[in-house]
Amino acid sequence: MLAKLPHLPGSDLGRFDFDGLRSCEVLALELEDVQLAEGQMRVHGKGNKERSLPLHPDILEALEHYLRLERPLINTPALFVCLKGRRRGRPMTAAGLRSLFRHHRVRSQVPHANPHRCRHTFGSDMVRAGISLPALQRLMGHSQISTTLLYVELAPQDVWREYARAIEKRKTLDSSHLS
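Everything in the sequence shown is counted per numbering that gives the first Met the number 0, starting at 0 for the first residue and increasing by one.
Pasting the structure below:
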């Protein structure tokens with residue numbers, strides 16, 4: 000999904016996919032939450048819980064570009080602000096974010112893209128890439144791992160691939176025990 004989504008100034012759809020943030024967490028981000036030099040950001044999650052997340056180099060680059068060239072020089076702590084129209088410079092709202100997704104999802108040929116769908120995609124993609132469930136739970140800000148599991152949707156071929164990988168690993172383990 001990420002490969003089809005364009006870079007969107009002020010919202011960067013890829014951000015949702017990379018970090019699996021809730022839309023309210025993205026909208027709550029402030030300039031001081033992003034630590035570019037350290038490659039991380041502080042996220043204020045549900046229940047007023049705070050977590051630190053690593054920033055992928057591609058996201059760092061997009062954020063640096065946004066801050067340097069696109070974000071108006073205004074006196075608001077909000078990281079993401081409206082870039083056009085009468086609300087220019089004001090913090091982006093949930094309605095504004097939904098509108099941004101509606102506008103760009105047709106052009107990107109991802110007709111069902113929305114912030115929450117991107118969160119599900121993030122969870123599934125990270126599991127396919129081999130992340131542990133406890134690490135994913137922490138990244139997504141879930142207090143219960145059972146909640147994290149709701150975000151992991153695997154196709155049958157994913158299950159077969161994991162099965163084959165585990166069987167091969169098991170063979171290696173079995174042969175090392177026999178030596």
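From the three backbone atoms N, C-alpha and C, an ideal C-beta is built for every residue, glycine too. None of these values were measured; they are calculated from a predicted model.
With C-beta atoms as the reference, is residue i less than 8 Å away from residue j?
i      : j      : result
Tyr150 : His119 : yes
Thr147 : Leu132 : yes
Val80  : Arg67  : no
Val42  : Leu26  : no
Pro114 : Leu96  : yes
Please name the residue, chosen from the options, that lies closest to residue i on a Cα-to-Cα basis.
i      : options                          : result
Asp124 : Asp157, Arg89 and Gly84          : Asp157
Gln39  : Cys23, Leu62, Lys48 and His111   : Leu62
Leu138 : Glu152, Arg127, Arg67 and Phe121 : Phe121
His55  : Pro110, Glu49, Lys45 and Ala36   : Ala36
Arg127 : Ile73, Tyr162, Gly140 and Ser107 : Tyr162
Report, in whole angstroms, the separation of the C-beta atoms of residue i and residue j, which I expect to be a contact under 8 Å.
i     : j     : result
Pro76 : Leu30 : 6 Å
Check for me: the beta strand (DSSP E) holding residue i runs from which residue to which?
i     : result
Val42 : Gln39 to His43
Leu52 : Glu49 to Pro53
Counting along the chain, where does the alpha helix (DSSP H) carrying residue i start and finish?
i     : result
Asp57 : Pro56 to His64
Cys23 : Ser22 to Ala27
Item to complete: For the stretch 106-148, list the alpha helix (DSSP H) runs that are entirely contained and at least 4 residues long, ordered along the chain.
Response: 114-127, 132-139 and 144-148
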